[in-house]
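In mature numbering (1 follows the signal peptide of the UniProt record, and there is no 0), the protein residues as written are -22 to -1, 1 to 427. Beta carbons: idealized from backbone N, C-alpha and C, even for Gly. Step one of this worksheet: look at the structure below.
In C-alpha cells form, the structure reads like this:
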C-alpha cells in the first residue's frame, strides 16, 4: 500500500473537522529566548554504544549527497537517527492550547516533525503525540503553497478536493542510503504555533511534519527538531541570525540553547570568542550541515603533519569536508589523520603502540593512573586562525565499559568515509554559536572564558 493511501484516514478526519489551510507566515525577528537540551543518556556514556552509534550516523551522513541525487520521487534522504543517537532532546509546546512534547535536537537535519494522532505505526511507541483536531491553530499546507515547494520532493494528495494544487502537501523522508528501507518518516505538512522556554516565546505559522507513520529508532521523544541550514529548519523559520548552545559535561544537567540576540557575541564577552567561516558543499548546495575548514591538529606542542587535502571537499562528488554535529557522540577522523594523531598522542603518553582492546582496534581506553596524571594537550586549528584548545574531558573523557567499569577513552574514532565530524563530546563546555547572518561563521568560546 502506498504512503498516501496509508494517510487517507487521518486526512479525511482532519478535513471533516475543517482544519484550515496555511503556509509559512512571515516571521519578524523574534525576541530572543532560551530553551534547554537534555541528555538522553544522563547516567554516563557507554563507549561501545557510542562507537556503534557514531559509526552508523557517519555512514549515513556521508551518503546524504549520493542518496539525495538518486532518491526516488517523493523521497528525501536525511541525516540518520538511530535510537538514542541524537543524544540531546529539546522540549517545546505545539498548538493552541499547547501540548508539551520533546524531540531530538539535530544540527544535521532540517525538517521539524512530530508524531500525530494515535500513530500506531510510529516509532517510538509510548511517547506523547500531537493531535491537530485539538488545536485551534492547526493548518494544512496546500500542494500549491510555496511552503510545500521547500520540501525536496513533495507528494500531493487531493483529499480535500478542489482544483490542482489544492490538496494536502505530504512527505516521505528516508533516513540513510537507498539500501536501508526501514528508517523513515512520512506524513502531511502543516503549520502550527510553537512555544519555547516554558511558553514565554510563541511563534505562529511554523511549518512541520505531522507524521502518520515512521519506522526505525528516533530516540525516546516524539519526533525531531531540525536545527540545520535548510529552509524548513527551526532556525531558518524563526528568522534568527544566530543560535548557540553550551553542551554541559555534567550529563545530568540541562544544556542551554539560545536563539536570537541571546546568542549574539558582538558585545560583552564577545572578544573571547574564536571564529571560523561556515562553508558550503561545492556539489550539493542545499545540505543542512555546518561545514567548517579544519587546517590542522596539534598534540602537545607538536603540529601533526597531516597531508594537505585530507579535510577538503572532493570537488567532483561533494564527499569529505568537516562538520560540527550535535547528533554524533564521538569525533570521526579519516585516515591518514586518525592514525597520525593517534600515534602522536600515544607516543607523548609513552606508548609505542595502541593498548589492546577487546573487540575493536579503534577503541583506545586507559585504566589506572591517578588524579594527578597529566595528558598532552590537543588543539584543533580552523580557517581564520581559530584554535579550539580542548580540555582533557573533550578528548579523553571518563566513559563506561560494557560491565560498568570506567576508563578514560579517546573520543575519536577512525572515519570509514572522507567526512570528518566534530562530535558532541569534543564540543562539551564550549559555547558554540552559529552566526547565520551575512557573516556566515561559527564561533566558539572556551570553557574558561
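Quick check: the region 117 to 135 against the region 93 to 105, are there 3 or more CB pairs under 8 Å?
no
On the CB-based measure, 16 or more other CB atoms within 10 Å of its CB, does residue 47 come out buried or exposed?
Model confidence at residue 47 stands at a pLDDT of 40, short of 50, so the residue's coordinates are unreliable; what they give is reported in the following sentence. Residue 47 should be labelled exposed.
One question on the structure: do residue 188 and residue 204 come within less than 8 Å of each other, judged by their Cβ atoms?
The answer is no: Cβ separation not under 8 Å.
From residue 309 to residue 211, what distance separates their C-alpha atoms?
Answer to the nearest angstrom: the Cα atoms are 24 Å apart.
Assuming the contact rule is C-beta atoms closer than 8 Å, residue 316 and residue 393 should be a hit. Round their C-beta distance to whole Å, please.
Confirmed, about 7 Å.
Considering only their Cβ atoms, is the gap separating residue 411 from residue 179 smaller than 8 Å?
Contact flag unset, no.
Contact between the region 296 to 308 and the region 399 to 416 is defined here as three or more beta-carbon pairs at a separation below 8 Å; is this criterion met?
yes
Please name the residue, chosen from 95, 68, 74 and 407, that lies closest to residue 82 on a Cα-to-Cα basis.
Comparing Cα positions, the closest option is 68.
My understanding is that residue 420 touches residue 262, with C-beta atoms under 8 Å, so please give their C-beta distance in whole angstroms.
That belief does not hold up - the Cβ atoms of residue 420 and residue 262 are roughly 19 Å apart, past 8 Å.
Less than 6 Å between C-beta atoms, sequence neighbours within five positions excluded: which residues of the same chain meet that for residue 408?
Cβ within range, chain order: 422.
Locate the beta strand (DSSP E) running through residue 420, then write down its first and last residues.
419 to 423
What is the rounded straight-line gap between the Cα of residue 109 and the Cα of residue 175?
21 Å
In terms of alpha-carbon separation, which member of 413, 415, 416 and 390 lies closest to residue 33?
390
For residue 25, collect the residues of the same chain with a Cβ closer than 7 Å to its Cβ; drop the 5 residues on either side in sequence, then sort them by chain order.
Within the same chain, residue 25 has close Cβ partners 341, 343, 377, 378, 379 and 387.
Taking the alpha helix (DSSP H) that residue 396 falls in, what are its first and last residues?
Counting along the chain, residue 396 falls outside any alpha helix (DSSP H), and DSSP gives it neither H nor E.
Quick check on DSSP: helix, strand or coil for residue 222?
Note: residue 222 maps to strand in three-state DSSP.
Would you list, in sequence order, the uninterrupted beta strand (DSSP E) runs of no fewer than 3 residues that lie entirely inside the region 240 to 306?
252 to 255, 268 to 270, 272 to 277 and 300 to 302
Determine the contact status of residue 285 and residue 327, defining contact as a CB-CB distance below 8 Å.
Contact: no.
Under the assumption that residue 181 contacts residue 168 (Cβ atoms under 8 Å), give the Cβ distance between them as a whole number of angstroms.
With a Cβ gap of about 14 Å, residue 181 and residue 168 do not count as contacting.
DSSP puts residue 93 in a beta bridge; with which residues?
Looking at the DSSP assignment, residue 93 forms a beta bridge with 189.
Are at least three pairs of beta-carbons, each pair with one atom in the region 113 to 122 and one in the region 229 to 241, less than 8 Å apart?
no
State the DSSP-derived secondary structure class of residue 215, mapped to helix, strand or coil.
In the structure shown, residue 215 sits in a helix (DSSP, three-state: H, G or I).
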